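Student:
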Amino acid sequence: MHLLYFTLLVPFIMALLVPLLYKYVPRIHTGWFVLVVPIGIFLYMIELIPMIAKGKILVSSVPWIPSLGINYSVYVDGLALIFGLLISGIGALVVLYSVYYMSKKREALHNFYVYLLIFMGAMLGVVFSDNIIVLYMFWELTSIASFLLIAYWYQRKQSRYGAQKSLVITIFGGLALLAGLILLSVMTNTYSIREIITADLRGHQLFLPAMLLILIGAFTKSAQFPFHIWLPDAMEAPTPISAYLHSATMVKAGIYLVARFTPVFGGTIEWFWLVTGTGIITLLWGSFSAVKQNDLKAMLAFSTISQLGLIICLLGIGSSLYVTTAVFAALFHLINHSTFKGCLFMVVGIVDHETGTRDIRKLGGLMSLMPITFTLMIIGSFSMAGLPPFNGFLSKELFFTGVLEASKLNMYYLDTWGIVLPILAWIASIFTFIYSMILVLKTFTGKYKLSKYEIKVHEAPLGMLISPMFLAILILLFFFFPNTIANNLLQPAMSAILPGLLDGVGIENNIKIWHGWTTEVFMTLGVVVVGMLLYASLNKWSWIYEYLPAKMSFNYLYDRGLVGMEKLASQITKKYMTGIVRDYLLYIFIFFVLVVGGSLVLLNNFTYHPADNGSVSAYEVVLMLVIIGAAVLVMLTKSRLTAVIGLGVIGFVVAIFFVIFRAPDLALTQLVVETVTVALFMLCFYHLPELGKETEGAGFRTANLIVSLGVGIVVTLVAISAQSNALFDSISSFYEDSYQLAGARNIVNAILVDFRGFDTMLEILVLTIAGFGVYSLIKLPLHRRNNR
Amino acid sequence: MKPNDVILQTVTKVVTFIILTFAVYLFLAGHHEPGGGFIGGLVITSGLTLLYLAFDIESVRQGVPVDFKIVAAVGVFIAVATGMGSLLFDSPFLSQTYGYYNLPIFGETELATAVLFDLGVALAVVGTGVTIILSISGDA
Numbered sequence: 001m002h003l004l005y006f007t008l009l010v011p012f013i014m015a016l017l018v019p020l021l022y023k024y025v026p027r028i029h030t031g032w033f034v035l036v037v038p039i040g041i042f043l044y045m046i047e048l049i050p051m052i053a054k055g056k057i058l059v060s061s062v063p064w065i066p067s068l069g070i071n072y073s074v075y076v077d078g079l080a081l082i083f084g085l086l087i088s089g090i091g092a093l094v095v096l097y098s099v100y101y102m103s104k105k106r107e108a109l110h111n112f113y114v115y116l117l118i119f120m121g122a123m124l125g126v127v128f129s130d131n132i133i134v135l136y137m138f139w140e141l142t143s144i145a146s147f148l149l150i151a152y153w154y155q156r157k158q159s160r161y162g163a164q165k166s167l168v169i170t171i172f173g174g175l176a177l178l179a180g181l182i183l184l185s186v187m188t189n190t191y192s193i194r195e196i197i198t199a200d201l202r203g204h205q206l207f208l209p210a211m212l213l214i215l216i217g218a219f220t221k222s223a224q225f226p227f228h229i230w231l232p233d234a235m236e237a238p239t240p241i242s243a244y245l246h247s248a249t250m251v252k253a254g255i256y257l258v259a260r261f262t263p264v265f266g267g268t269i270e271w272f273w274l275v276t277g278t279g280i281i282t283l284l285w286g287s288f289s290a291v292k293q294n295d296l297k298a299m300l301a302f303s304t305i306s307q308l309g310l311i312i313c314l315l316g317i318g319s320s321l322y323v324t325t326a327v328f329a330a331l332f333h334l335i336n337h338s339t340f341k342g343c344l345f346m347v348v349g350i351v352d353h354e355t356g357t358r359d360i361r362k363l364g365g366l367m368s369l370m371p372i373t374f375t376l377m378i379i380g381s382f383s384m385a386g387l388p389p390f391n392g393f394l395s396k397e398l399f400f401t402g403v404l405e406a407s408k409l410n411m412y413y414l415d416t417w418g419i420v421l422p423i424l425a426w427i428a429s430i431f432t433f434i435y436s437m438i439l440v441l442k443t444f445t446g447k448y449k450l451s452k453y454e455i456k457v458h459e460a461p462l463g464m465l466i467s468p469m470f471l472a473i474l475i476l477l478f479f480f481f482p483n484t485i486a487n488n489l490l491q492p493a494m495s496a497i498l499p500g501l502l503d504g505v506g507i508e509n510n511i512k513i514w515h516g517w518t519t520e521v522f523m524t525l526g527v528v529v530v531g532m533l534l535y536a537s538l539n540k541w542s543w544i545y546e547y548l549p550a551k552m553s554f555n556y557l558y559d560r561g562l563v564g565m566e567k568l569a570s571q572i573t574k575k576y577m578t579g580i581v582r583d584y585l586l587y588i589f590i591f592f593v594l595v596v597g598g599s600l601v602l603l604n605n606f607t608y609h610p611a612d613n614g615s616v617s618a619y620e621v622v623l624m625l626v627i628i629g630a631a632v633l634v635m636l637t638k639s640r641l642t643a644v645i646g647l648g649v650i651g652f653v654v655a656i657f658f659v660i661f662r663a664p665d666l667a668l669t670q671l672v673v674e675t676v677t678v679a680l681f682m683l684c685f686y687h688l689p690e691l692g693k694e695t696e697g698a699g700f701r702t703a704n705l706i707v708s709l710g711v712g713i714v715v716t717l718v719a720i721s722a723q724s725n726a727l728f729d730s731i732s733s734f735y736e737d738s739y740q741l742a743g744a745r746n747i748v749n750a751i752l753v754d755f756r757g758f759d760t761m762l763e764i765l766v767l768t769i770a771g772f773g774v775y776s777l778i779k780l781p782l783h784r785r786n787n788r
Numbered sequence: 001m002k003p004n005d006v007i008l009q010t011v012t013k014v015v016t017f018i019i020l021t022f023a024v025y026l027f028l029a030g031h032h033e034p035g036g037g038f039i040g041g042l043v044i045t046s047g048l049t050l051l052y053l054a055f056d057i058e059s060v061r062q063g064v065p066v067d068f069k070i071v072a073a074v075g076v077f078i079a080v081a082t083g084m085g086s087l088l089f090d091s092p093f094l095s096q097t098y099g100y101y102n103l104p105i106f107g108e109t110e111l112a113t114a115v116l117f118d119l120g121v122a123l124a125v126v127g128t129g130v131t132i133i134l135s136i137s138g139d140a
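Going line by line, the protein sequences match chains A and B. Sequential numbering of the first sequence, starting at 1, is according to UniProt numbering. Sequential numbering of the second sequence, starting at 1, is according to UniProt numbering.
Okay, here's the thing in structure tokens:
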């Protein structure tokens, strides 16, 4: 087994050990043990970088369900490695942060770390899987782990609401993804992603459905418009979880999926506009909504949504194969976003932890009290806003380059609609700038009011600051030495996303910190200037949020939809599940008439061959008339007694029919059984309660008449057709030799006890069970015992 | 005051024997003539019912001290056991066989395992029939 497998399974093994460590080593914070896992994985991934940078890939496979072609194959290329590094690296920092954030005494730490480790393992499984079924398995495992983590404080109603919402939405997407993956495997006849990528599927009739389904999966997971609504509610999770899952890793699973399947679907107009369009709308909507939030974490949640939209938008533009800068920018921003968003979440967690609130209306003036936190917040926010000297500046410039280049393309209607992209991107950047400023200025500047805080405010302990500090240093390092990651990580990842284009030839993508007075620089300047003006006048225009969002909230739609669906379902159920047996019988009979009668009509199967019939004797006619008369009497009579006697008449006439048709055994049995039945009817009749006795005629209802006529006609037609369609001779000639075969001259009896005695055996069993049933129903009246 | 059922009871005493004899005839003749375990069992039941009608349940219970639930169970058991018996002779379940034997009084007679099976059927029918009638009338 390859060492990589061990690396991928270590989180799950550790998840098994955590409860033991928590119970038997209570003196040490469980997080310290957990910390070893992501650090180890991270070091192993680092060790893989040189090999991947040379353009090699690592492939390995162990059989899981070989008979179905499902193997746990892993596949490490540049794209997977970037995600692997992010997951393990940020994971290590988050675990370190959580050691100081989560109290050893008050919190159920074993739950926390088990969920976290399951999530980490599942996430690593998603990015390294080559088999799409395995990928889907890990994909759902991330959803479940995220569900558990969001509802970590399950005593709170909001946590449970958020967890349920995220589960409903991501599982919806996950199932769509499964359908899309199955379509892919149907088209290519393989489960391996590498083999799917090499197949050319364009023009296949399942190509578009597969694309849509996979995109639904990716968009729900990555909180794209309009599936973004679960992310702000997921902020009820503990802050380390928000930092890890809902900014750096899980929400990027959708991005991974889009990037991974770009070689399959990219280069088509549908993919370009779906991905780019969704991305840019999400970018705009997320940044616009972030400004109105009062909760710091909600603001960061919307900011994450919008940044994810930015990356998705860039991947869409890059899929055209003409704007390779866009893919490069997407990957670069992917890394940058993980650094600064992780940092910001941790900083917000510190503010929450040290002041007891995350509400920006209560916060303010913390600059001098929490100087380190303030510095970290500035680094993170300015990077997010796209200002130098932070890495966000570089990726934002690349983003502008991407959209500008895309708008000049002469395809996909970009010559007419292309201009929309840079404009929307620019507007979104302004909003990004505004909320970044709000994040810093409203929290840390202004006057410090002691009365607003419930606890004494002071700087966070060093341990809590290590992780965000580390990320802040990375933010700066990435700005000053961007080409180190570009050459070692981004180039191999680009060749994974755009395999056809870059075979062997690495394209030059040197990031220049300063590249002259280009359009991008002026756009950034414009963002800063307009953003500052808008921030200064925030109070004057923030009223638009009062009007717009209430009407344009997808939360409203989701909540109403959920309530509506429940109501509709219960209404429908109440409509037809009436509890009245008569109604259910009506459904059964109508169904029978529709299906049997319908197939008789549609297949044109009715036949009638009178020539095959025997002659009718006068006895039969007379007896038939008696039966009809008795049946009509039973239906129309107003007294029960008449009906019982009428039924008896029918039974005895049937016995005479048996005589005429030469069935003496049947006639004998029918006579006795009919007598017993009539006697039992009389008994029941005698015991009917006085009250509610229905002596008037059976309530005549047209519907019943129609349905019963329908059933009668259909059965008659079927019987006539069947009789006219005898396809082969009867096998009864065999039984005529019963004296030789069974030593019996009575064929009926020989069949009952010898040829087909098994049926008889079970029939007497049925009879006996019925007898015991009657006995126990009468002798064991349980309701009486309860009444005592 | 109890009505005088003397005619009914006297007639019953005679008729019951006729009915039961007829039932035994139906049962035994089943192999070659109309009849068999089922109808034989039903006729026995009707004969017993006549007894219950003419006399009261307690008197009949003293005369025929049988628990008919057990009769039904024994019937099912016999039917299944004859089926299992064929397994002993390495034949499929419920294989029936017959043969001709020279018995002292009857002369050459046909004996068939199917009659044993039919006996099970008859006992199950009698047991069930009487159990149902007794439980319902007992509750009334």
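The C-beta atom is built at its ideal place from N, Cα and C for all residues, glycine as well. Bear in mind that the values here come from a model prediction, so they are computed numbers and not experimental data.
Taking all protein chains shown into account, decide if G526 (chain A) is buried (16 or more other Cβ within 10 angstroms of its Cβ) or exposed.
Tutor: Along the first sequence, one-based indexing puts residue 526 (chain A) at 526. The residue is exposed, with fewer than 16 neighbouring Cβ atoms inside 10 Å.
Student: Report the neighbours of V18 (chain A) on chain B: residues whose CB is nearer than 8 Å to its CB, in chain order.
Tutor: Walking along the first sequence from the start, residue 18 (chain A) turns up at place 18. Near V18 (chain A) there are no residues of chain B at all, since even the closest Cβ is about 58 Å away, more than 8 Å.
Student: Could you tell me whether any Cβ in chain A is nearer than 8 Å to the Cβ of D5 (chain B)?
Tutor: If you number the second sequence from 1, residue 5 (chain B) lands on position 5. It does not; no Cβ of chain A falls within 8 Å.
Student: Against chain B, with Cβ distances strictly below 8 Å, would T760 (chain A) count as a contact?
Tutor: The sequence position of residue 760 (chain A) within the first sequence is 760, counting from 1. Yes, because at least one Cβ of chain B sits closer than 8 Å to the Cβ of T760 (chain A).
Student: Answer with yes or no whether the minimum CB distance from F734 (chain A) to chain B is below 8 Å.
Tutor: As a first step, residue 734 (chain A) is located in the first sequence; it is residue number 734 there, counting from the start. So no, F734 (chain A) is outside the interface.
Student: Considering only residues of the same chain and omitting the five flanking positions on each side of V711 (chain A), which have a CB-CB separation below 7 Å?
Tutor: Position 711 of the first sequence, counted from the start, is the residue given in the question as residue 711 (chain A). So the qualifying residues of the chain are F589, F592 and V593.
Student: At the level of alpha carbons, what is the spacing between E696 (chain A) and K638 (chain A)?
Tutor: In the first sequence, the residue the question calls residue 696 (chain A) occupies position 696. In the first sequence, the residue the question calls residue 638 (chain A) occupies position 638. Interpretation of E696 (chain A) is limited by its pLDDT of 44, a score under 50 that renders its predicted location unreliable; no figure is taken from the coordinates.
Student: Secondary structure at L201 (chain A), three-state DSSP: helix, strand or coil?
Tutor: Translated into the one-based positions of the first sequence, residue 201 (chain A) becomes position 201. In the structure shown, L201 (chain A) sits in coil (DSSP, three-state: anything other than H, G, I, E or B).
Student: Report all residues from its chain with a CB closer than 6 Å to the CB of Y608 (chain A); omit the five preceding and five following residues, and keep chain order.
Tutor: In the first sequence, the residue the question calls residue 608 (chain A) occupies position 608. Only I720 and S724 meet the Cβ criterion.
Student: Report yes or no: is there a C-beta of chain A within less than 8 Å of the C-beta of D56 (chain B)?
Tutor: As a first step, residue 56 (chain B) must be located in the second sequence, where it is residue number 56. Chain A contact via Cβ: absent.
Student: What is the C-beta distance between G773 (chain A) and L94 (chain B), in whole angstroms, given that I count them as a contact (C-beta under 8 Å)?
Tutor: Counted from its first residue, the first sequence places residue 773 (chain A) at position 773. Counted from its first residue, the second sequence places residue 94 (chain B) at position 94. No, G773 (chain A) and L94 (chain B) are not in contact; Cβ-Cβ is about 26 Å, not under 8 Å.
Student: Name the two residues that bound the continuous beta strand (DSSP E) containing L111 (chain B).
Tutor: Here residue 111 (chain B) corresponds to residue number 111 of the second sequence, with the count starting at 1. From DSSP, the beta strand (DSSP E) with L111 (chain B) extends over G107 to A112.
Student: Do M370 (chain A) and E459 (chain A) have their C-beta atoms within less than 8 Å of each other?
Tutor: In the first sequence, the residue the question calls residue 370 (chain A) occupies position 370. In the first sequence, the residue the question calls residue 459 (chain A) occupies position 459. Yes, they are a contact pair.
Student: Report the CB separation of D200 (chain A) from P492 (chain A) in whole angstroms; it is logged as a contact under 8 Å.
Tutor: In the first sequence, counting from the first residue as 1, residue 200 (chain A) sits at position 200. In the first sequence, counting from the first residue as 1, residue 492 (chain A) sits at position 492. Their Cβ separation, rounded to whole angstroms, is 24 Å, which puts D200 (chain A) and P492 (chain A) out of contact at 8 Å.
Student: What are the boundary residues of the alpha helix (DSSP H) that I70 (chain A) is part of?
Tutor: For the purposes of this step, residue 70 (chain A) is taken as the residue at position 70 of the first sequence. Counting along the chain, I70 (chain A) falls outside any alpha helix (DSSP H), though it belongs to the beta strand (DSSP E) covering I70 to V76.
Student: Among the residues of its own chain, which have a CB less than 6 Å from the CB of Y75 (chain A), if the five just before and after it don't count?
Tutor: Within the first sequence, residue 75 (chain A) is the residue found at index 75, counting from 1. Here the set comprises V59 and D130.
Student: If you reduce the DSSP assignment to three classes, tell me which class D729 (chain A) lands in.
Tutor: Reading the first sequence from its first residue, position 729 is the one you call residue 729 (chain A). Note: D729 (chain A) maps to coil in three-state DSSP.
Student: Going along the chain, which residues of its own chain have a beta-carbon closer than 6 Å to the beta-carbon of L331 (chain A), five neighbours each way excluded?
Tutor: In the first sequence, residue 331 (chain A) corresponds to position 331, counting from 1. These residues qualify, in order along the chain: L490 and A493.
Student: Helix, strand or coil: how does DSSP classify W153 (chain A) here?
Tutor: For the purposes of this step, residue 153 (chain A) is taken as residue 153 along the first sequence, with counting starting at 1. It is coil, neither helix nor strand.
Student: Decide if S570 (chain A) is buried, meaning its Cβ has at least 16 other Cβ atoms within 10 Å, or exposed.
Tutor: Taking the first sequence and counting its residues from 1, one reaches residue 570 (chain A) at position 570. Counting Cβ neighbours within 10 Å, S570 (chain A) comes out exposed, since fewer than 16 surround it.
Student: Of the residues B:H31, B:Y25 and B:F55, which one's Cα is nearest the Cα of I13 (chain B)?
Tutor: By one-based count along the second sequence, residue 13 (chain B) stands at place 13. The residue asked about is misnamed: residue 13 (chain B) is Lys in this sequence, not Ile. Closest by alpha carbon: B:F55.
Student: Note down, in chain order, every chain A residue with its Cβ under 7 Å from the Cβ of E110 (chain B).
Tutor: Here residue 110 (chain B) corresponds to residue number 110 of the second sequence, with the count starting at 1. Here the neighbours are G743.
Student: Could you spell out where the alpha helix (DSSP H) holding N483 (chain A) opens and where it closes?
Tutor: Start at 1 with the first residue of the first sequence, and residue 483 (chain A) comes out as number 483. P482 to I485 is the extent of the alpha helix (DSSP H) around N483 (chain A).
Student: What is the DSSP secondary structure of residue 184 (chain B), reduced to helix, strand or coil?
Tutor: Only positions 1 to 140 of chain B appear in this structure, which leaves residue 184 (chain B) out of reach.
Student: How about D67 (chain B): is its C-beta nearer than 8 Å to some C-beta of chain A?
Tutor: Working through the second sequence from its first residue, we reach residue 67 (chain B) at position 67. Cβ-Cβ to chain A under 8 Å: no for D67 (chain B).
Student: Beta-carbon of Y25 (chain B) versus every beta-carbon of chain A: anything under 8 Å?
Tutor: Here residue 25 (chain B) is taken as the residue at index 25 of the second sequence, counted from 1. False, the Cβ-Cβ gap to chain A never drops below 8 Å.
Student: Do the stretch 114-127 of chain A and the stretch 239-256 of chain A make contact, defined as three or more Cβ pairs closer than 8 Å?
Tutor: At 8 Å Cβ cutoff, the stretches touch.
Student: Which residues share a DSSP beta bridge with D295 (chain A)?
Tutor: For the purposes of this step, residue 295 (chain A) is taken as residue 295 along the first sequence, with counting starting at 1. Its beta-bridge partners are A:D359.
Student: Beta strand (DSSP E) containing I65 (chain A): first to last residue?
Tutor: The sequence position of residue 65 (chain A) within the first sequence is 65, counting from 1. Its beta strand (DSSP E) spans residues L58 to I65.
Student: Going by other Cβ atoms of all chains shown within 10 Å of its Cβ, with 16 needed for buried, is Q205 (chain A) buried or exposed?
Tutor: Residue numbering aside, residue 205 (chain A) sits at position 205 when the first sequence is read from its first letter. So Q205 (chain A) counts as exposed.
Student: Considering only C-alpha positions, which residue in the set A:F227, A:V673, A:V275 and A:K396 is nearest to I430 (chain A)?
Tutor: Translated into the one-based positions of the first sequence, residue 430 (chain A) becomes position 430. Selected option, being the one with the closest Cα: A:K396.
Student: Beta-carbon separation of V264 (chain A) and I197 (chain A) under 8 Å?
Tutor: On the first sequence, residue 264 (chain A) is found 264 positions in, with the first residue counted as 1. On the first sequence, residue 197 (chain A) is found 197 positions in, with the first residue counted as 1. Yes, Cβ-Cβ distance for V264 (chain A) and I197 (chain A) is below 8 Å.
Student: To which residues does DSSP link N131 (chain A) through a beta bridge?
Tutor: By 1-based counting over the first sequence, the position of residue 131 (chain A) is 131. BP columns for N131 (chain A) point to A:S192.
Student: Am I right that S303 (chain A) and Y435 (chain A) are in contact with their C-beta atoms under 8 Å? What's the rounded C-beta distance?
Tutor: By 1-based counting over the first sequence, the position of residue 303 (chain A) is 303. By 1-based counting over the first sequence, the position of residue 435 (chain A) is 435. Right, their Cβ atoms sit about 6 Å apart.
Student: Going along chain B in order, which residues have a C-beta closer than 9 Å to the C-beta of A770 (chain A)?
Tutor: Counting from one through the first sequence, the residue named residue 770 (chain A) turns up at place 770. Ordered by position in chain B, the residues that pass the 9 Å Cβ test against A770 (chain A) are T128 and I132.
Student: Along chain B, which residues have their Cβ under 8 Å away from the Cβ of T669 (chain A)?
Tutor: Residue numbering aside, residue 669 (chain A) sits at position 669 when the first sequence is read from its first letter. Those within 8 Å of T669 (chain A) in chain B are F38, I39 and L42.
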